[in-house]
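Here the protein sequences come in this chain order: C and A. Heads up: the first sequence begins at 17 in the numbering used here, then just goes up one per residue. Heads up: the second sequence begins at 3 in the numbering used here, then just goes up one per residue. Even for Gly, the Cβ is constructed at its ideal location relative to N, Cα and C.
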Amino acid sequence: GNSVTQMEGPVTLSEEAFLTINCTYTATGYPSLFWYVQYPGEGLQLLLKATKADDKGSNKGFEATYRKETTSFHLEKGSVQVSDSAVYFCALSPRNAGNNRKLIWGLGTSLAVNP
Amino acid sequence: ETGVTQSPTHLIKTRGQQVTLRCSSQSGHNTVSWYQQALGQGPQFIFQYYREEENGRGNFPPRFSGLQFPNYSSELNVNALELDDSALYLCASRTGQGIGDTEAFFGQGTRLTVV
């Protein structure tokens, strides 16, 4: 079946530290992969996405590369800010007909950045 | 601000009751999806509506039902509420049917508590 596993939180970093949040997936075929972010008191927002192997999604200094060989889509940022404090969700959308209408989500990783 | 609004923001219901949650889609979006997010979990896909017809469903029982109206707003109805239905219910709207077509915009959710 299809599933997403992401590293457990909470993750606590100091400002300007390097961030990695691991995400691995299981899927039939080649899914589309996403990172969503949920800031305190707000709804989910798409952070970045990749739709095929070796694609790199990037936004707001965050990056993630679609690695088919390791079935991974790790989220990275070189220098985090206090404003990056949020919950981050990794998600996939299967390609096969009938399933490409839904997102399958990881459990979320809470990030707290201290000044 | 995504333009997707959900109401109410919070409500408390008694086991066995029925509840209706509402979602107003972003202007121009003809597809709406509903997700259930239990505490500490990732969202789980309930179903999706495209142009007033259900065109995708997750592993939820028939007592979870929905509607999409001509203006593309939507309702989620849950009958015979159970304690495990307590969760954050998220609505997402976009254009197109496939999850990879366009970005999905999420509302802030409705927090349902069943006692």
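Determine which residues of the region 44–59 of chain A have a Cβ less than 7 Å from any Cβ of chain C, and write them out in chain order.
Within the region 44–59 of chain A, the residues whose Cβ lies closer than 7 Å to some Cβ of chain C are G44, P45, F47, Q50, N57 and G58, listed in chain order.
Name, please, each residue of chain C whose Cβ falls closer than 8 Å to the Cβ of G111 (chain A).
Sequence index remark: in the second sequence, residue 111 (chain A) carries index 109 (1-based). Per Cβ cutoff of 8 Å: G59.
Taking 7 Å as the threshold (beta carbon to beta carbon), is W51 (chain C) in contact with chain A?
Taking the first residue of the first sequence as position 1, residue 51 (chain C) is located at position 35. Chain A, which has no Cβ nearer than 7 Å to the Cβ of W51 (chain C), makes this no.
Could you give the first and the last residue of the continuous beta strand (DSSP E) run that contains N57 (chain A)?
Numbered from 1 along the second sequence, position 55 holds the residue referred to as residue 57 (chain A). Counting along the chain, the beta strand (DSSP E) containing N57 (chain A) begins and ends at E55 to R59.
Give the single residue among A:Y52, A:Q43 and A:E54 whose Cα lies nearest to the Cα of I120 (chain C).
Sequence index remark: in the first sequence, residue 120 (chain C) carries index 104 (1-based). Closest option to I120 (chain C), Cα to Cα, is A:Q43.
Just curious, the beta strand (DSSP E) that E105 (chain A) is in, first and last residue?
The sequence position of residue 105 (chain A) within the second sequence is 103, counting from 1. Neither: E105 (chain A) is in no beta strand (DSSP E) and is coded neither H nor E.
Rounded to the nearest angstrom, what separates A128 (chain C) and P72 (chain A) at their Cα positions?
Taking the first sequence and counting its residues from 1, the one referred to as residue 128 (chain C) is at position 112. Taking the second sequence and counting its residues from 1, the one referred to as residue 72 (chain A) is at position 70. Their backbone Cα atoms lie some 42 Å apart in a straight line.
So what's L83 (chain A) in DSSP terms, helix, strand or just coil?
Sequence index remark: in the second sequence, residue 83 (chain A) carries index 81 (1-based). Here L83 (chain A) sits in coil by DSSP.
Should I14 (chain A) be labelled buried (16 or more other beta-carbon atoms within 10 Å of its own) or exposed?
Locating residue 14 (chain A) in the second sequence gives position 12, where the first residue counts as 1. Burial call: exposed.
Output yes or no for whether 7 Å exceeds the beta carbon distance between F105 (chain C) and Y52 (chain C).
Working through the first sequence from its first residue, we reach residue 105 (chain C) at position 89. Working through the first sequence from its first residue, we reach residue 52 (chain C) at position 36. Closer than 7 Å, so yes.
Identify the continuous beta strand (DSSP E) that holds G124 (chain C) and give its terminal residues.
Reading the first sequence from its first residue, position 108 is the one you call residue 124 (chain C). G124 (chain C) -> no beta strand (DSSP E), and no H or E assigned at all.
Thinking just about the alpha-carbon of each residue, which of A:G109, A:N32, A:Y91 and A:S26 is nearest to the one in F47 (chain A)?
As a position in the second sequence, residue 47 (chain A) is number 45, starting the count at 1. If we check each option's Cα against that of F47 (chain A), A:Y91 comes out closest.
Whose C-alpha, out of C:T44, C:G25 and C:Y41, is nearest the C-alpha of L35 (chain C)?
Here residue 35 (chain C) refers to the residue found at position 19 of the first sequence. Nearest of C:T44, C:G25 and C:Y41 to L35 (chain C), Cα basis: C:G25.
At a cut of 8 Å, does the region 17–26 of chain A reach the region 40–54 of chain C through at least three beta carbon pairs?
Not touching, per the Cβ criterion.
Starting from K80 (chain C), trace the beta strand (DSSP E) in both directions and tell me its first and last residue.
As a position in the first sequence, residue 80 (chain C) is number 64, starting the count at 1. In the sequence as presented, Lys is not what sits at residue 80 (chain C); that position holds Ala. Where A80 (chain C) is concerned, the enclosing beta strand (DSSP E) stretches over F78 to T81.
In its own chain, which residues sit with a C-beta less than 6 Å from the C-beta of R53 (chain A), not counting the 5 before and 5 after it?
To locate residue 53 (chain A), count along the second sequence from 1; it is residue 51. So the list reads N32, once near-sequence residues are dropped.
Whose Cβ in chain A lies nearer than 8 Å to the Cβ of K118 (chain C)?
For this step, residue 118 (chain C) is matched to residue 102 along the first sequence. Correct list: S35, F47, Q50, G58, G60 and I101.
Of the choices C:A43, C:A33 and C:P56, whose alpha-carbon is the least far from that of S126 (chain C)?
On the first sequence, residue 126 (chain C) is found 110 positions in, with the first residue counted as 1. The option with the nearest alpha carbon to S126 (chain C) is C:P56.
Assuming Y37 (chain A) is part of the beta strand (DSSP E), what are its boundary residues?
Residue mapping note: residue 37 (chain A) aligns to position 35 of the second sequence, counting from 1. Element bounds for Y37 (chain A): T33 to Q39.
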